[in-house]
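For the working numbering, add 88 to where a residue sits in the sequence shown, where the first one is 1. Glycine is no exception: its CB is placed at the ideal position from the N, C-alpha and C atoms. Single-structure report; data block below.
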Amino acid sequence: MNVSGLSLRDLEYVVAVAENLHFGRAALSCSVSQPTLSAQIRKLEDWLGFDIFERAPRQVLVTERGQHVVAQARIILGESRRLLELAQAGGEPLSGTFRLGVISTLGPYLLPLLLKPLREAYPKLRLLLTEGLTWPLLTQLEQGQLDAVLASGAVKESDLTELPVFFEEFVLAVPRDHALATVESVSAADIKAEELILLNEGHCLRDQMLHVCPARERGVRPGDPLQASGLETLRQMVGAGIGCSLLPRLSVAVGALLDDMVAYRRLQADVEPGRTLSLFHRQSFGRIRDVRLLREAIRSALEPTGLVRLPARTGV
Numbered sequence: 089m090n091v092s093g094l095s096l097r098d099l100e101y102v103v104a105v106a107e108n109l110h111f112g113r114a115a116l117s118c119s120v121s122q123p124t125l126s127a128q129i130r131k132l133e134d135w136l137g138f139d140i141f142e143r144a145p146r147q148v149l150v151t152e153r154g155q156h157v158v159a160q161a162r163i164i165l166g167e168s169r170r171l172l173e174l175a176q177a178g179g180e181p182l183s184g185t186f187r188l189g190v191i192s193t194l195g196p197y198l199l200p201l202l203l204k205p206l207r208e209a210y211p212k213l214r215l216l217l218t219e220g221l222t223w224p225l226l227t228q229l230e231q232g233q234l235d236a237v238l239a240s241g242a243v244k245e246s247d248l249t250e251l252p253v254f255f256e257e258f259v260l261a262v263p264r265d266h267a268l269a270t271v272e273s274v275s276a277a278d279i280k281a282e283e284l285i286l287l288n289e290g291h292c293l294r295d296q297m298l299h300v301c302p303a304r305e306r307g308v309r310p311g312d313p314l315q316a317s318g319l320e321t322l323r324q325m326v327g328a329g330i331g332c333s334l335l336p337r338l339s340v341a342v343g344a345l346l347d348d349m350v351a352y353r354r355l356q357a358d359v360e361p362g363r364t365l366s367l368f369h370r371q372s373f374g375r376i377r378d379v380r381l382l383r384e385a386i387r388s389a390l391e392p393t394g395l396v397r398l399p400a401r402t403g404v
């Protein structure tokens, strides 16, 4: 069987359809027209002699034999990216395209502090940003779709390497007319479980909130009204007097539009409530030097603010 007609682009189409289970969305993600994508996949199926996808009017499924094709396509694409990584590793530091994933509870607050100094230090860097939840981002990282992910929380049963970047404390956000708004010293025990607003399932910050605060006592269930899809919605719920919550320190400093409606208090505890943000990358990634340089750039951007705690530098 002659493989000269097989292209990496065709394999990208296959993986995109497998991930989206929709030809239109797959074409959009590949920046190509749907007829072109469909025609190339059909051509590949004809070449293989079997269908990769089962097509129905309102549904696309991966066939049993197609699952093996998709898995192998991911391997081939990952190895091709590794060739590019090896080539870029020998060039200028932090130059070319770098695909960074950032969790949604951090991106809007870190990036305004980082992007300008990063661009000044590395003008040839083309930073492509993806914002989302921890586990989908780490899955994209494992599959080679991202080069690194900035997230918080332990990653179990994974071959990913973790580089701690900084520690960010949590502060309590309460309505300005709340009883705790004028209290100098606040502990987790002062927070009423029935008042605590949580992020929706899927946010690592939700689990970290529950570790600190007593909301678990109320038996949090799907449909609980004291839940928010993101930090800004959560902050607005606090401002509306619906309840209180924990916010990461950077989000307090950057998102100050509701300061006349929301008061912030530091929590007193034996163990400082907060989260460690780390850069994760694949062990086989060919641009580990660039990941470490990115870590130093983030630390350098944050150090003058005094908003986070940086670990001792041990070299790049």
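Grab me the residues of arginine 207's own chain with a C-beta within less than 6 Å of its C-beta, minus the 5 sequence neighbours each way, in chain order.
none
Report buried or exposed for arginine 153, applying the criterion of at least 16 other Cβ atoms within 10 angstroms of its Cβ.
Classification of arginine 153: exposed, given that the 10 Å Cβ count is below 16.
State buried or exposed for threonine 124, treating a residue as buried only when at least 16 other CB atoms are found within 10 Å of its CB.
Exposed.
Residue range of the alpha helix (DSSP H) that includes histidine 291:
Per DSSP, histidine 291 belongs to no alpha helix (DSSP H) and is neither H nor E.
Identify the continuous beta strand (DSSP E) that holds leucine 395 and give its terminal residues.
Premise fails: leucine 395 is in no beta strand (DSSP E) and is neither H nor E.
Using DSSP with H/G/I as helix, E/B as strand and the rest coil, what is arginine 309?
coil
Within the 8 Å Cβ cut-off, does arginine 146 reach chain B?
Within the model displayed, chain B is absent; a lone protein chain is all it includes.
Below 8 Å CB to CB, which residues in the same chain sit around phenylalanine 186 once its five sequence neighbours on both sides are set aside?
Leu213, Arg214, Leu215, Leu216, Asp235, Ala236, Arg375, Asp378 and Leu382
Candidates Glu384, Leu334, Ile279 and Gln231: which alpha carbon is nearest alanine 104's?
Gln231
Three-state secondary structure (DSSP) at arginine 170?
In the structure shown, arginine 170 falls within a helical segment according to DSSP collapsed to helix, strand and coil.
Is it buried or exposed for glutamine 160, if we count other Cβ within 10 angstroms and need 16 for buried?
So glutamine 160 counts as exposed.
Could you pull the start and end residues of the beta strand (DSSP E) that tyrosine 352 belongs to?
350-354
Starting from glutamine 147, trace the beta strand (DSSP E) both ways and give me its first and last residue.
147-150
Which partner residues of glutamate 142 appear in the DSSP bridge assignment?
Leu149
One question on the structure: do valine 190 and valine 102 come within less than 8 Å of each other, judged by their Cβ atoms?
no
Burial state of phenylalanine 373 (16 or more Cβ within 10 Å)
buried
If serine 192 and leucine 165 are in contact, beta carbons under 8 Å, what's the gap, nearest whole angstrom?
With 8 Å as the limit, serine 192 and leucine 165 do not qualify as a contact, their Cβ atoms being about 26 Å apart.
Using 8 Å as the Cβ pair cut-off and three pairs as the minimum, do the segment 351-360 and the segment 255-268 touch?
The segment 351-360 vs the segment 255-268: in contact.
Locate the alpha helix (DSSP H) running through phenylalanine 373, then write down its first and last residues.
No alpha helix (DSSP H) holds phenylalanine 373; DSSP gives it neither H nor E.
Reference threonine 393, options Leu338, Asp347 and Ala400, closest by Cα:
Leu338
Length of the line joining the Cα atoms of glycine 241 and leucine 136
43 Å
Assign histidine 299 to buried or exposed, taking buried as 16 or more other Cβ atoms, counted over all protein chains shown, within 10 Å of its Cβ.
exposed
Distance between beta carbons of leucine 365 and valine 243, contact taken as under 8 Å
About 13 Å; that fails the 8 Å criterion.
Alpha carbon to alpha carbon, how far is glutamate 391 from arginine 363?
17 Å
Glutamine 147 classed as buried or exposed, judged by whether at least 16 other C-beta atoms fall within 10 angstroms:
exposed
Just how far apart, CA to CA, sit leucine 203 and leucine 194?
Rounded to whole angstroms, the separation of the alpha carbons of leucine 194 and leucine 203 is 14 Å.
What three-state label does DSSP hand threonine 321 in the structure shown?
helix
Nearest-angstrom Cα distance between leucine 149 and isoleucine 129?
Near 14 Å, if we compare the C-alpha coordinates of isoleucine 129 and leucine 149.
Which first and last residues belong to the beta strand (DSSP E) in which isoleucine 191 is found?
184-191
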